[in-house]
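Position 365, counted from 1, in the sequence shown is what this note's numbering calls 1210; the numbers after and before it change by one each time, with no gaps. From the three backbone atoms N, C-alpha and C, an ideal C-beta is built for every residue, glycine too.
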Amino acid sequence: MLLIAVALVAANMRATITGVGPLLEEIADDLGTTTAALGALAAVPLLAWAIVSPLTHGLSRRFGMSRVLLCALIALGAGTAWRSLPGTEVNLWLGTGLIGASLAVANVIMPAVIKRDFPGRVPVMMGMYTALLGGVGAIASAVVVPISHAVDDPDAGWRVALAATAALLPLTIALWAWAQHGRTPRTAPAPSAPGASRSTGIWRDRLAWQIAAYMGAQSASFYMLVTWMAPLAASTGKSAVAAGVDVALYQILGVVGSFAVAFALQGRLRRAVPAALPLLAIAAAIGMILAPQLLTAWALLSGLSAGASLSMSLTLMAERARDAAASSALSGMSQSVGYLLAAAGPISFGALHALEGGWTVPLLLYIAVLVGQCVVGVSVGRERYVLEGR
């Protein structure tokens, strides 16, 4: 039952975000704005994650990880409904902000939950979690445009489509509450490392900052493409539906990458895995510049890298901590810093596209971020633990 509950939580972790990209032009037309301006919409959840993530460890210590996660799932449903309400553009932005805050809490807690409940199977469980996260996100990207077009009222189409991205949420809330029934609501810290000192000490830990930088580069590169791949595909002459399929394929290959990490980390070269993963995306980005007509192929290759990199980031948050409490502190800190860095990704990508009128310069920025991920990956690949003297 707990395994199914974790799987359902994973299924809700990205769909409400990835469904926006393929609908950007439709939303812009309805609201009377530009797609470049709406590019900032993708940064709202990332900024919310950066702000809320550091608070989550304290909340989970006070009220328990399971209870806090349940509240976050309920808030996610409220944010999704708010975002789809008719009326002014304010609903879109504020609803997206609440979605971001809710997902921030879940993002931080889930690696610690997996560390707590599946301590001997962290890479495999993290691979499954990331695969479902990416797979359902991919489905959302593929179906939002057809759902929108199926609605008779064109002004309501994108709102209905975005609301549909939370279709699994009611079942998830019910099953998570059931699976956690009777569990002790608080997570007691280890006597040797009080929670308060962990919360503050993690910000002075060098390894934690390296993991945060890796997380930031991974997230920035992912959200650059998941936000702008549909407009990029449309610029090559593809229809809105076909462009949405490219975004979906990008994420579907991420599912394969997520599972591949668990096997790669069992080999002799496991220390090299974090640094090697971005190389696939760098090759794909070069292909997008030199042969954009083969965008679908490049989407597949970059998606493989993106899914593997996310799984690697989350695995580091669990594997580089001795216990669930340390993992929660590391997860909160690294995701806060990481998503603050990542928030600039889609905004900068869109701004460079608006200035250039093309895609070469934005893709060069994408490559630069991936190179940074490779460099940091060399450091985080070493087997060490946060909050320990070296």
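In terms of Cβ geometry, Gln1096 and Gly1148 form a close pair [threshold 8 Å].
CA-to-CA, the gap between Pro890 and Ala1174 works out to about 20 Å. Listed in chain order, the non-local C-beta contacts of Ala1126 below 6 Å within the same chain comprise Ser1147, Ser1150, Leu1215, local neighbours out to five positions each way being set aside. Secondary structure at Ala893: helix, using DSSP grouped into helix, strand and coil.
Assigned with DSSP and collapsed to three states, Trp938 falls in helix. Only buried fits Leu1159, as 16 or more other CB atoms lie within 10 angstroms of its CB. Annotation: Met1133 to Thr1017 spans about 38 Å, alpha carbon to alpha carbon. Around the CB of Glu1233, fewer than 16 other CB atoms lie within 10 Å, so the residue is classed as exposed. Taking a 10 Å sphere around the C-beta of Gly1202, we find fewer than 16 other C-beta atoms and assign the residue as exposed. Our two residues, Ile984 and Ser905, have alpha carbons roughly 31 Å apart in a direct line. A contact between stretches requires three or more CB pairs, one per stretch, nearer than 8 Å, and the stretch 1180-1199 meets this requirement with the stretch 888-903. CA-to-CA, the gap between Leu1122 and Val1223 works out to about 11 Å. Judged by their CB atoms, Ala923 and Leu943 are nearer to each other than the 8 Å cut-off. Straight through space, the alpha carbons of Leu1124 and Ala1163 are spaced by roughly 24 Å.
Here Val1086 has Val990, Pro991 as same chain residues with Cβ atoms under 7 Å from its own Cβ, once five neighbours each way along the sequence are excluded.
With a cutoff of 8 Å on beta-carbon distance, Ala1188 and Ala888 are scored as near each other.
Here Tyr1230 has Arg1165, Ala1166, Arg1167 as same chain residues with Cβ atoms under 7 Å from its own Cβ, once five neighbours each way along the sequence are excluded. Short of 8 Å from the beta carbon of Ile1212, and not among the five residues preceding or following it, lie these beta carbons of its own chain, in chain order: Ile1127, Ala1130, Ile1131. For Lys1083, the secondary structure class from DSSP, reduced to helix, strand or coil, is coil. Fewer than three pairs of CB atoms, one per stretch, sit closer than 8 Å, so the stretch 867-879 makes no contact with the stretch 910-925. Between Pro1015 and Val1106 a beta carbon distance of about 31 Å is seen, past the 8 Å cut, so the two are scored as non-contacting.
Between Thr878 and Ile954, the beta carbon gap of about 35 Å keeps them out of contact (Cβ cut-off 8 Å).
Boundaries of the alpha helix (DSSP H) around Val1005: 999-1009. Closest option to Leu1161, judged by alpha-carbon separation, among Leu918, Ala850, Trp1204, Ile959: Ile959.
Going by DSSP, Ser929 is part of no alpha helix (DSSP H) at all; its letter is neither H nor E. In this structure, Gly932 sits away from Arg859, with a CB-CB distance that is not shorter than 8 Å. Contact between Arg961 and Ala1169 holds: their C-beta atoms lie close to 4 Å from each other, under 8 Å. Here the alpha carbons of Trp1143 and Val1090 stand approximately 13 Å from one another.
Secondary structure note for Val854: its alpha helix (DSSP H) is the uninterrupted segment 847-856. Burial check for Trp1073: the Cβ neighbour count within 10 Å reaches 16 or more, so the residue is buried. Pairing Val981 with Asp998, the inter-Cα distance amounts to about 26 Å.
Across the set Ala1011, Gln1218, Val1071, Ser1103, the C-alpha of Ala1011 shows the shortest separation from the C-alpha of Ser929.
Where Gly982 is concerned, the enclosing alpha helix (DSSP H) starts and stops at 967-995. In the displayed model, Asp1168 falls within coil according to three-state DSSP, outside both helix and strand. With respect to Pro956, Met1069 sits apart: the two C-beta atoms are not nearer than 8 Å.
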